[in-house]
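S.K.: The listed protein sequences derive, respectively, from chains A, B, C and D. For the first sequence, numbering that gives the first Met the number 0 gives the first residue as 0, with consecutive numbering after it. For the second sequence, numbering that gives the first Met the number 0 gives the first residue as 0, with consecutive numbering after it. For the third sequence, numbering that gives the first Met the number 0 gives the first residue as 0, with consecutive numbering after it. For the fourth sequence, numbering that gives the first Met the number 0 gives the first residue as 0, with consecutive numbering after it. All residues carry an ideal CB built from backbone N, CA and C; glycine is no exception.
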Amino acid sequence: MSIKYFLLFMLTSGILAFSFAGDRLDPAEEVKKQKKLLLEMMGILPGDVIVEEGKEIFHKEGPNGKSCASCHGKDGKGEKLPLVGAYATMPKYYKDIDMVADLDLRVKSCMEKYTGYDPEELKGKKGRKIIVPLATYVASLSNGMKFNVQPRHPKEKEMYKKGEELWYARVGKMDFSCAMCHDKYGGYRIRLQTLAEPKKSKVMRYWPAYRYSKDKMWTMEDRIRGCYKQIRVTKPPFYHWAHVALQMYMAVNSNGGVVEVPGFVR
Amino acid sequence: MKRILVGLVLTVTLFYLLYLSEPASAGKKRTFEEDIKQDWAQKVCSNPEAKVPEELLDRFLEEQRKLIKYPESGNIYGDWKRGEKLFSNPKKGNCYACHCGDPKELACGNIGPNLRGYGKKKKDPEYTYRKIYNSWAYVPCSVMYRAGVHGRLTPEEIADIVAYLHSEESPINK
Amino acid sequence: MAIGTARVRVPKKIKKGKPFKVQFIIIHPMEPGTRKDKKTGKLIPAHHITKLDIKFNGKLVTHMDVGGAVSANPYFAIMMKTDESGTLEISYEDNKGGKWKKSVEIKVS
Amino acid sequence: MMNRREVLKLAGTGVLLSTLSPFVNLSFSSEVEEKFKKHVGVPMSKVKDGSDKIKLKTPTIAETGANVPVSVDAKIPVEDVDWLMIFVDHNPVPRVIKVHFSPMNGKTFFATRIKMAKTSNVRAIIKKKDGSYLQALKEVKVTIGGCG
Chain A
0 MSIKYFLLFM LTSGILAFSF AGDRLDPAEE VKKQKKLLLE MMGILPGDVI
50 VEEGKEIFHK EGPNGKSCAS CHGKDGKGEK LPLVGAYATM PKYYKDIDMV
100 ADLDLRVKSC MEKYTGYDPE ELKGKKGRKI IVPLATYVAS LSNGMKFNVQ
150 PRHPKEKEMY KKGEELWYAR VGKMDFSCAM CHDKYGGYRI RLQTLAEPKK
200 SKVMRYWPAY RYSKDKMWTM EDRIRGCYKQ IRVTKPPFYH WAHVALQMYM
250 AVNSNGGVVE VPGFVR
Chain B
0 MKRILVGLVL TVTLFYLLYL SEPASAGKKR TFEEDIKQDW AQKVCSNPEA
50 KVPEELLDRF LEEQRKLIKY PESGNIYGDW KRGEKLFSNP KKGNCYACHC
100 GDPKELACGN IGPNLRGYGK KKKDPEYTYR KIYNSWAYVP CSVMYRAGVH
150 GRLTPEEIAD IVAYLHSEES PINK
Chain C
0 MAIGTARVRV PKKIKKGKPF KVQFIIIHPM EPGTRKDKKT GKLIPAHHIT
50 KLDIKFNGKL VTHMDVGGAV SANPYFAIMM KTDESGTLEI SYEDNKGGKW
100 KKSVEIKVS
Chain D
0 MMNRREVLKL AGTGVLLSTL SPFVNLSFSS EVEEKFKKHV GVPMSKVKDG
50 SDKIKLKTPT IAETGANVPV SVDAKIPVED VDWLMIFVDH NPVPRVIKVH
100 FSPMNGKTFF ATRIKMAKTS NVRAIIKKKD GSYLQALKEV KVTIGGCG
């Protein structure tokens, strides 16, 4: 994570660098222009390229000769097991793995189970290079559709409950919960960054998202890990139940939101 | 003889300091599960309103007050220049994440009140110290983290921040 | 994503002799070589695009000397004009010997 | 009229400043000037202000230095332009990119996204084919991000 160190370096030096004699800009307003300018300038967003990469992986045969498309059809539009609209119903209970899975976990488990990928290949950061683009592509197949997650299976209900608990749980050395920053103080600023309001903005509809401050595509699992790191709590490993639980809670709160993946966020 | 004694004392202090600087769990990686374990107060605050139920309020406040400790020197008014660094440093106090104060700091948040001119409000520095050490002793379940309780700032460091907020010399009050 | 992959965007309708915008991004880490590794404290070796040529029907339109401070997955935009249809070819190389090409057809009306 | 004491005070300050300045003030800007000369090829003083002709667009405050959009739109016929350089004073390597145009460009336009190490001037420097230099300059403040 070299970029993180680079950021740290320039941010700390940035603090020393201000001298604003005379000009009366509202920093909070000025800062929004960066995103606007980026969006204006770009005929193409890097996120779109990553979706294309995911599409390639989707149609590429795995070690046992099958690709995702073998089961789900070309572009996920197969008659059996179509993926169009699937993301708008996730997280969800899957019988074959007897688990409630979020996007990342489902993609990973499918690759291991049906296309013969070596689980070792999909582990850790190396695996993220395959799973993130693929997950983004799969999610983008639901673009334009409305989120509709209704926990019915007992395990789904349990996940929702755990997610809600985690959402409100004050934890760690900074006593934060998701809710403190994103419900109660949503819309306020930490430094110059306006705190997102995931429930109001129906957050799941625009994740996975491209983060321009990191030049990287992030799934919601990456985002949740980032949040915990920022509140000084050890990050849950990828595909941990906490990701599924929190996304179950946020997904229900995103119901009705129209999927638009990948999003474009700071 | 004297020298040996001094040496012994120094060694012991050194080891003690080493012991202090490394928590028992050093070497072992902390896990998410360990880190989301809550203390009683955190549990009480974990509700959508972030409020302490009426019947628990007295116990809550009393417990939180008891957690406040003072610097060994007894001095709660430190060095404002050191305080400024602690206040600004994103890896230490990071107070500017939520508060504005020095007008030179553009990148300041608005979750907490603007602290510009705080020293002129004639607040008791001891109150300031206690509030930073444990905000929950004053505002139960506040979003302001309990810097002293969790050891994110030492009592001496908090005293420096108190000076930064109160001193006439400090850019907060100039 | 495979390093060096590019995506180019040109307007759908291009008029003869009228300047139009060519935008493209290239997937590349653009490591400037001035950053330190967090763990080892050592400099991370530079790995960035150094040269880029935009040619139209074999003729050089724009040449760029690219430094490491261009953002990761770099984006570039230029204007160009032409009286004839043809092939726009973007070729680029990095300091580690990577060389790539990307072509798009341009039709003027 | 100044009285004697004031004159003395002024003189004293002058001496103090002149002894200090080589260490404090000038060292930084001269470093930039040195780098400028190295990368641009001419001293800063040879480059004229062209802000009326060169439209340089950047955010004034950047919430991340990793990705600062920069676009240059110059009212100078592209036939007259030799090259355009984006130069960031306080980057470890100030020369970000050098773009050589041709008449086929039709317009002197360029846009990209750049990394900025810290708050700094961003310059768009144009060398014209007649050997003259023009520049437009903007300060971009790079700010500290969120939770540290």
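Please report how far the alpha carbon of Glu78(A) lies from the alpha carbon of His71(A), in whole angstroms.
M.R.: 8 Å
S.K.: Going by DSSP, name the residue or residues bridged to Ile89(C).
M.R.: Ile53(C) and Lys101(C)
S.K.: What residue range does the alpha helix (DSSP H) around Val109(C) cover?
M.R.: Because chain C here runs from 0 to 108, residue 109(C) falls outside it and cannot be looked at.
S.K.: Quick one: give me the first and last residue of the alpha helix (DSSP H) that Phe86(B) is part of.
M.R.: Trp79 to Ser87
S.K.: Is it right to say Gln149(A) is buried, meaning 16 or more other beta carbons lie within 10 angstroms of its own, or is it exposed?
M.R.: Classification for Gln149(A): exposed.
S.K.: Please confirm if Arg265(A) has its CB atom under 9 Å from at least one CB of chain D.
M.R.: Taking Cβ atoms only, chain D reaches closer than 9 Å to Arg265(A), which makes this a yes.
S.K.: Answer with buried or exposed for Glu53(B), where buried requires no fewer than 16 other C-beta atoms within 10 angstroms of its C-beta.
M.R.: exposed
S.K.: Helix, strand or coil: how does DSSP classify Phe22(D) here?
M.R.: Because the pLDDT of Phe22(D) is 39, which lies under 50, any placement of that residue in the model is unreliable, and the number read from its coordinates should be weighed accordingly. Three-state result, Phe22(D): coil.
S.K.: Strictly below 8 Å CB to CB, what residues from chain D border Leu105(B)?
M.R.: Ile60, Lys140 and Thr142, listed in chain order.
S.K.: Can you name the start and end residues of the beta strand (DSSP E) that Met219(A) belongs to?
M.R.: Not the beta strand (DSSP E): Met219(A) falls in the alpha helix (DSSP H), residues Met219 to Gln229.
S.K.: Evaluate Arg29(B) with the Cβ neighbour count: other Cβ atoms within 10 Å of its Cβ, from every protein chain shown; 16 or more gives buried, anything less gives exposed.
M.R.: exposed
S.K.: Give the list of continuous alpha helix (DSSP H) stretches no shorter than 4 residues that lie fully inside the segment 83 to 156 of chain B.
M.R.: 124 to 132
S.K.: Taking DSSP as the reference, what is the three-state secondary structure of Thr181(A)?
M.R.: Sequence check: residue 181(A) is His here, not Thr. Three-state result, His181(A): helix.
S.K.: Using a Cβ cut-off of 9 Å (strictly closer), state whether Thr81(C) contacts chain D.
M.R.: At a cut-off of 9 Å between beta-carbon atoms, Thr81(C) makes contact with chain D.
S.K.: Assuming Asp81(D) and Lys126(D) make a contact with CB atoms under 8 Å, what is their CB distance in whole Å?
M.R.: 4 Å
S.K.: What residues in the segment 79 to 94 of chain B bring their beta carbon closer than 7 Å to a beta carbon of chain D?
M.R.: For the segment 79 to 94 of chain B, which is checked against every Cβ of chain D, the residues closer than 7 Å are Pro89, Lys90 and Asn93.
S.K.: Just checking: is the beta-carbon of Leu36(A) within a distance shorter than 9 Å of some beta-carbon in chain D?
M.R.: yes
S.K.: Would you kindly check if the distance between the Cβ of Asp93(C) and the Cβ of Asn99(D) is under 9 Å?
M.R.: Residue 99(D) is actually His in this sequence, not Asn. The Cβ atoms of His99(D) and Asp93(C) do not sit closer than 9 Å to each other.
S.K.: Report buried or exposed for Lys54(A), applying the criterion of at least 16 other Cβ atoms within 10 angstroms of its Cβ.
M.R.: Counting Cβ neighbours within 10 Å, Lys54(A) comes out buried, since at least 16 surround it.
S.K.: State the Cα-Cα distance for the pair Gln41(B) and Val148(B), rounded to the nearest angstrom.
M.R.: 12 Å
S.K.: Using a Cβ-Cβ distance under 9 Å, would Ser212(A) count as near chain B?
M.R.: no
S.K.: Classify His152(A): buried if its beta carbon has 16 or more other beta carbons within 10 angstroms, exposed otherwise.
M.R.: It counts as exposed.
S.K.: Would you kindly report the start and end of the unbroken alpha helix (DSSP H) that includes Lys160(A)?
M.R.: Lys160(A) -> alpha helix (DSSP H) spans Pro153 to Tyr167.
S.K.: Determine whether the Cβ of Arg190(A) lies closer than 9 Å to any Cβ atom of chain B.
M.R.: Yes, contact with chain B.
S.K.: Could you tell me which of Tyr92(A), Pro90(A), Ser69(A) and Lys91(A) sits nearest to Pro81(A), measuring between CA atoms?
M.R.: Ser69(A)
S.K.: Find out if the Cβ-Cβ distance for the pair Met219(A), Asp101(A) is shorter than 9 Å.
M.R.: yes
S.K.: Comparing the C-beta of Ser253(A) with each C-beta of chain B, is any distance below 9 Å?
M.R.: no
S.K.: Quick one: is Lys234(A) near chain B, going by C-beta distance under 9 Å?
M.R.: At least one CB of chain B lies nearer than 9 Å to the CB of Lys234(A).
S.K.: Going by DSSP, what residue range makes up the alpha helix (DSSP H) through Lys128(A)?
M.R.: Gly123 to Ser139
S.K.: Report the residue from Asp82(C), Ile26(C), Asp36(C) and Ala45(C) whose alpha carbon sits nearest the alpha carbon of Pro73(C).
M.R.: Ile26(C)
S.K.: Using a beta-carbon distance below 9 Å, is Met179(A) in contact with chain D?
M.R.: No, because no Cβ of chain D sits closer than 9 Å to the Cβ of Met179(A).
S.K.: Return yes when the Cβ of Gly82(B) is within less than 9 Å of the Cβ of His98(B), no when it is not.
M.R.: Contact flag unset, no.
S.K.: Beta carbon of Ser166(B), beta carbon of Trp79(B): below 9 Å?
M.R.: With respect to Trp79(B), Ser166(B) sits close: the two C-beta atoms are nearer than 9 Å.
S.K.: Is there contact between the segment 86 to 93 of chain A and the segment 174 to 194 of chain A, where contact requires at least three CB pairs shorter than 8 Å?
M.R.: no
S.K.: Considering only residues of the same chain and omitting the five flanking positions on each side of Lys80(C), which have a CB-CB separation below 8 Å?
M.R.: Spatial neighbours of Lys80(C) in its own chain (CB-CB distance under 8 Å, excluding positions within 5 residues in sequence) are listed in chain order as Gly16, Lys17, Pro18 and Phe19.
S.K.: Identify the continuous alpha helix (DSSP H) that holds Leu56(B) and give its terminal residues.
M.R.: Leu56 to Lys65
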